[in-house]
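Engineer:
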Amino acid sequence: MASHPPRPLRGSRPMRALFGLLMISALGGVLVAGMALPFVGTAGLAAKSASDHFEDIPDDLKTPDLPQRSQILAADGSVIATVWGDFGNRVIVPFDAISPNVWQALVATEDSRFFEHGGIDLKGTFRAFFADLSGANQGGSSISQQYVKNVLVLEAGNDKAKYADATGNSMARKLRELKYAIAVEKKFSKNEILERYLNLVPFAENVSGIEAAADRWFGVHAAQLTVPQAATLIGMLKNPVAYDPAKHPQAATDRRNTVLDRMADPTVHYITQQQAEDFKKTPLALKVTPQHSGCIYAVGSSAFFCEYIEQEILNNPIYGKTKADRAAFFNRGGLTIRTTMDPKMEKAAETAIKNNVSPTDIPGAAIAMIEPGTGRIKAMAQSRDMGTGEGQTYLNLAADPTHGGGNGYQAGSTFKSFVAMAGLEKGLTPDYVQNLPAKIDETQTKFTVCDNPKGTTQDTHWQPTDETDEEAGPQTMTSALWHSVNNYFIKLQELTGICEPARLAAAAGVTIDSDNGTGKPLEQYGSFTLGANQVTPIAMANAYATFAARGMYCKPTAISAITDTSGKQYPVATPDCHQTIDPTLTDQLTGMLQGVVSQGTAAKIRETYTGPAAGKTGTNDSRLMTWFDGYTPNLAAAVWVGIVSPKPNDKGLVNVKIHGTNYPKVCGGCLAAPIWGQAVKGALAGVSVPAFSVPELSGEIPAPIQNTPPPTGPPNGPGGQNGPGGGFLGGLLGGQQ
25 MASHPPRPLR GSRPMRALFG LLMISALGGV LVAGMALPFV GTAGLAAKSA
75 SDHFEDIPDD LKTPDLPQRS QILAADGSVI ATVWGDFGNR VIVPFDAISP
125 NVWQALVATE DSRFFEHGGI DLKGTFRAFF ADLSGANQGG SSISQQYVKN
175 VLVLEAGNDK AKYADATGNS MARKLRELKY AIAVEKKFSK NEILERYLNL
225 VPFAENVSGI EAAADRWFGV HAAQLTVPQA ATLIGMLKNP VAYDPAKHPQ
275 AATDRRNTVL DRMADPTVHY ITQQQAEDFK KTPLALKVTP QHSGCIYAVG
325 SSAFFCEYIE QEILNNPIYG KTKADRAAFF NRGGLTIRTT MDPKMEKAAE
375 TAIKNNVSPT DIPGAAIAMI EPGTGRIKAM AQSRDMGTGE GQTYLNLAAD
425 PTHGGGNGYQ AGSTFKSFVA MAGLEKGLTP DYVQNLPAKI DETQTKFTVC
475 DNPKGTTQDT HWQPTDETDE EAGPQTMTSA LWHSVNNYFI KLQELTGICE
525 PARLAAAAGV TIDSDNGTGK PLEQYGSFTL GANQVTPIAM ANAYATFAAR
575 GMYCKPTAIS AITDTSGKQY PVATPDCHQT IDPTLTDQLT GMLQGVVSQG
625 TAAKIRETYT GPAAGKTGTN DSRLMTWFDG YTPNLAAAVW VGIVSPKPND
675 KGLVNVKIHG TNYPKVCGGC LAAPIWGQAV KGALAGVSVP AFSVPELSGE
725 IPAPIQNTPP PTGPPNGPGG QNGPGGGFLG GLLGGQQ
């Protein structure tokens with residue numbers, strides 16, 4: 025049997041085809057203006073000139089832009105998801121990666137004189153022509169003609185007029201195909217035509233091209249297809265739906281056997297008749313590989329990570345002028361998109377969430393993990409899977425609106441970290457003491473805000489309280505963080521103003537409606553320190569990653585590389601890191617926040633995770649939202665548990681059953697923190713976690729017990745503002761002049 029097709033000289037084939045086309049055109053009586061062949065009316069035109077004209081074909085026929093599937097990979101190269109558009113699941117392969125059994129079955133069945141003619145099979149074409157005249161439907165197109173037709177159909181896309189023109193039964197369409205087929209034969213070798221044809225043709229079930237077809241129905245590469253397998257797939261081309269072997273096995277078997285007989289025909293003799301008979305006795309032996317396109321079919325819990333990647337591309341003009349262009353790039357570009365997702369961390373995050381919050385529970389839950397010093401998003405998971413069923417959603421609970429999420433959730437006491445740093449920047453120390461009652465009256469209190477250095481007044485009646493009476497009395501800044509003492513930080517905020525904590529939050533990338541720090545500025549009002557602003561888990565994970573990186577802010581990134589099948593690399597965001605907060609501030613904060621985990625509101629973390637950790641719990645005043653945002657030296661994570669879409673009359677998470685456990689009151693320390701501990705333990709299993717560069721600070725209240733007086737004078741520049749001559753943030757971010 026032949027293993028490679030012969031390669032006849034290019035020069036003779038087009039000449040024979042030109043003569044045939046002249047004869048067909050004359051018989052059809054269509055040599056008129058607009059459809060006449062280029063040499064009509066020019067009897068003296070040399071044959072070579074006529075042949076040269078047929079090289080003038082559309083670029084789409086020379087190098088058609090074949091849609092290919094794209095794959096989204098985890099950081100380790102494993103496949104997260106596969107996506108393709110309207111034109112099917114296709115993987116382009118070179119001729120040498122296609123089994124000879126395939127092209128032999130194709131030639132034997134569709135165009136047995138393929139290696140003899142120059143694009144037009146005169147015998148078959150004349151037979152088809154006269155059959156058309158008599159009203160019968162008769163095949164006769166050469167492989168080159170079929171290739172041309174398929175390209176024109178592909179290029180027509182969803183344009184109904186172009187599609188009708190490419191598939192109609194008009195003589196004009198047939199002559200155009202004949203003309204282009206000659207040009208294709210002149211331009212490409214027989215091997216190249218076969219390669220292009222086999223990568224182009226559509227099969228059933230939105231599968232296109234021989235490589236994807238081989239994988240779909242037999243679970244092998246095109247290079248591995250046996251004779252019966254190749255005959256089955258080539259047999260489908262006559263009617264892909266009717267001969268789909270998975271749905272119509274008997275029809276597919278009969279058609280396969282016909283192809284085997286053609287392969288044994290003496291005109292081609294690719295196999296013997298005895299081999300054909302033996303192959304006919306074999307079963308189809310399908311190994312159907314499920315094919316799923318889209319993020320909803322992503323591996324494990326990574327559907328929303330996949331969606332984050334898709335939205336990252338759809339919203340970035342670097343990948344196309346319009347959103348439609350960028351969608352085509354994503355779905356049809358044959359891309360390999362390598363992400364920053366760590367499969368082990370993703371699995372740990374998913375397991376921790378789903379072991380504590382069920383999909384149909386009243387609250388939802390989400391977690392985001394980010395690597396300090398790089399901004400790489402390592403994992404994101406949530407309690408509700410992607411979908412429309414019960415306990416499902418299409419809303420990414422960890423992300424901002426740009427990436428398929430919502431507007432975020434009130435941050436609760438996790439914002440006390442920013443107020444604490446503002447106090448440190450003002451010159452206070454971690455052992456700064458305030459002795460306060462459990463209830464204070466802040467009505468008419470003035471808070472300095474960025475757009476009003478003279479201060480804005482809390483006009484509404486506001487008497488904030490601590491969680492318990494035990495929190496009243498003297499507290500240091502450290503112990504107040506450990507136990508999340510509300511009134512301590514409200515009074516501290518009076519000293520610092522709200523502008524500086526808001527600037528520090530912005531320096532850590534926390535803004536409204538954005539995961540990457542480019543959203544609207546945070547609202548500045550009295551309850552700022554209590555976390556009244558709405559933020560996302562990704563934004564808060566990255567803010568606390570900034571603390572872990574000692575004030576080095578890195579923009580969150582989820583894509584590490586994009587390449588296409590030709591090896592072309594497309595631009596992606598590289599780690600964009602800047603020192604935005606003075607390391608001495610974040611070091612002192614880390615020293616204080618370690619005690620939150622070891623002996624404060626997040627102590628339940630120690631039931632599962634015992635390594636270095638620092639962080640802050642958060643619960644908003646109505647218990648609709650609860651948090652724990654924390655970090656180790658090499659991983660930051662934010663966990664949110666709360667009402668996904670709260671309503672005005674919601675009573676909060678009180679006396680509620682979550683994953684089979686009854687909670688009298690849900691708080692950041694009693695649910696979000698344990699989830700964090702379980703997730704981080706799994707994520708860092710087998711990973712060396714270094715100690716923090718600063719030790720845990722003591723929260724002991726010094727004697728005698730009294731309020732430590734705040735430092736005097738303007739520490740941050742003229743007028744106490746962070747302007748010229750101010751502190752670290754003043755020089756870095758500017759400020760009020």
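The working numbering numbers the first residue of the sequence shown as 25 and each following residue consecutively. Ideal placement from N, C-alpha and C gives every residue a C-beta, glycine not left out.
(1) On the three-state DSSP scale, how would you describe F242?
(2) Give me the Cα-Cα distance between P595 and K544, rounded to the nearest whole angstrom.
(3) Fully enclosed by the region 169 to 243, which alpha helix (DSSP H) runs are 4 residues long or longer?
(4) Would you tell me roughly how many angstroms separate the C-alpha atoms of V704 and K579, rounded to the nearest one?
(5) Within the same chain, show all residues whose beta-carbon is closer than 7 Å to that of S168, passing over the 5 residues directly before and after it, in chain order.
(6) Taking all protein chains shown into account, decide if D490 is buried (16 or more other Cβ within 10 angstroms of its Cβ) or exposed.
(7) Can you tell me whether S717 is buried or exposed, with buried defined as 16 or more other CB within 10 angstroms of its CB?
(8) Leaving out five residues before and five after P561 in sequence, what residues of the same chain have Cβ atoms less than 6 Å from its Cβ?
(9) Using 8 Å as the cut-off, can you tell me whether the region 637 to 644 makes contact with the region 394 to 403, which would need three or more C-beta pairs spanning the two stretches below that distance?
(10) Return the residue from the list K345, G233 and G624 that minimises the CA-CA distance to R114.
(11) Within the chosen definition, does the region 507 to 527 reach the region 471 to 481 through at least 3 CB pairs nearer than 8 Å?
(12) Between D89 and A185, what straight-line distance do the alpha-carbon atoms span, to the nearest angstrom?
(13) Give me the residue from E466, V107 and I386 with the minimum Cα distance to E331.
(14) Note down, in chain order, each residue of its chain lying with its Cβ closer than 8 Å to the Cβ of I116, except the 5 sequence neighbours on either side.
(15) Can the beta-carbon of W506 be found less than 7 Å from the beta-carbon of G684?
(16) For the candidate residues T282, A254 and K689, whose alpha-carbon lies nearest to that of G666?
(17) Quick one, which of T520, T306, K470 and D674 has its alpha-carbon nearest K440's?
(18) Looking at E201 and V172, is the spacing between their C-beta atoms short of 7 Å?
(19) In or out: A67 buried (at least 16 other Cβ within 10 Å) or exposed?
(20) Which same chain residues end up closer than 6 Å to I538 when comparing Cβ atoms and leaving out the 5 residues on each side of it in sequence?
(21) Look at the alpha carbon of K671 and the alpha carbon of K347, and state the distance between them as a whole number of angstroms.
(22) For the region 521 to 598, which segments carrying the beta strand (DSSP E) assignment without a break, of at least 3 residues, lie completely within its bounds, in sequence order?
(23) Using C-beta distances below 7 Å, list every residue in its chain close to A270, excluding the 5 sequence neighbours before and after it, in chain order.
(24) Could you check whether P264 and F227 sit closer than 7 Å to each other, using their CB atoms as the reference points?
(25) What's the C-alpha gap between Q297 and N340?
(26) Please classify D385: does DSSP put it in a helix, a strand, or coil?
(27) Would you be able to state if there are at least three C-beta pairs under 8 Å between the region 355 to 372 and the region 672 to 682?
(28) Taking C-alpha atoms, which residue in N230, S165 and I386 lies nearest to V668?
(29) Can you check whether the CB of Q458 is closer than 7 Å to the CB of G555?
(30) Using the Cβ count rule (16 or more neighbours within 10 Å means buried), how would you classify G415?
(31) Return helix, strand or coil for R400, following the three-state DSSP convention.
(32) Which value, in whole angstroms, describes the spacing of the CA atoms of M649 and A446?
(33) Would you mind stating whether L356 and L338 have Cβ atoms separated by less than 7 Å?
(34) Is it buried or exposed, I342, if we count other Cβ atoms within 10 angstroms and call 16 or more buried?
(35) Could you give the first and the last residue of the continuous alpha helix (DSSP H) run that contains F119?
(36) With a 10 Å radius around its C-beta and 16 neighbouring C-beta atoms as the bar for buried, classify T277 as buried or exposed.
Structural biologist: Quick answer:
(1) helix
(2) 27 Å
(3) 184 to 191, 195 to 211, 214 to 224 and 234 to 242
(4) 22 Å
(5) G143, A205, V208, E209 and I217
(6) buried
(7) exposed
(8) A390, A392, A422, A662 and W664
(9) no
(10) G233
(11) yes
(12) 20 Å
(13) V107
(14) L90, Q92, N223, G233, E235, G358 and T589
(15) no
(16) K689
(17) T520
(18) yes
(19) At A67, the pLDDT of 30 sits below 50, so the modelled position is not reliable and the matter cannot be decided from this model.
(20) Looking at the sequence provided, one finds Ser at residue 538 rather than Ile. Closer than 6 Å at the Cβ level, and outside the excluded window around S538, lie D424.
(21) 34 Å
(22) 576 to 578 and 583 to 587
(23) W241, L310 and V312
(24) yes
(25) 58 Å
(26) coil
(27) no
(28) I386
(29) no
(30) exposed
(31) strand
(32) 25 Å
(33) For the record, residue 356 in the displayed sequence is Arg; it is not Leu. Cβ atoms of R356 and L338: not closer than 7 Å.
(34) exposed
(35) No alpha helix (DSSP H) contains F119, which DSSP labels as neither H nor E.
(36) buried
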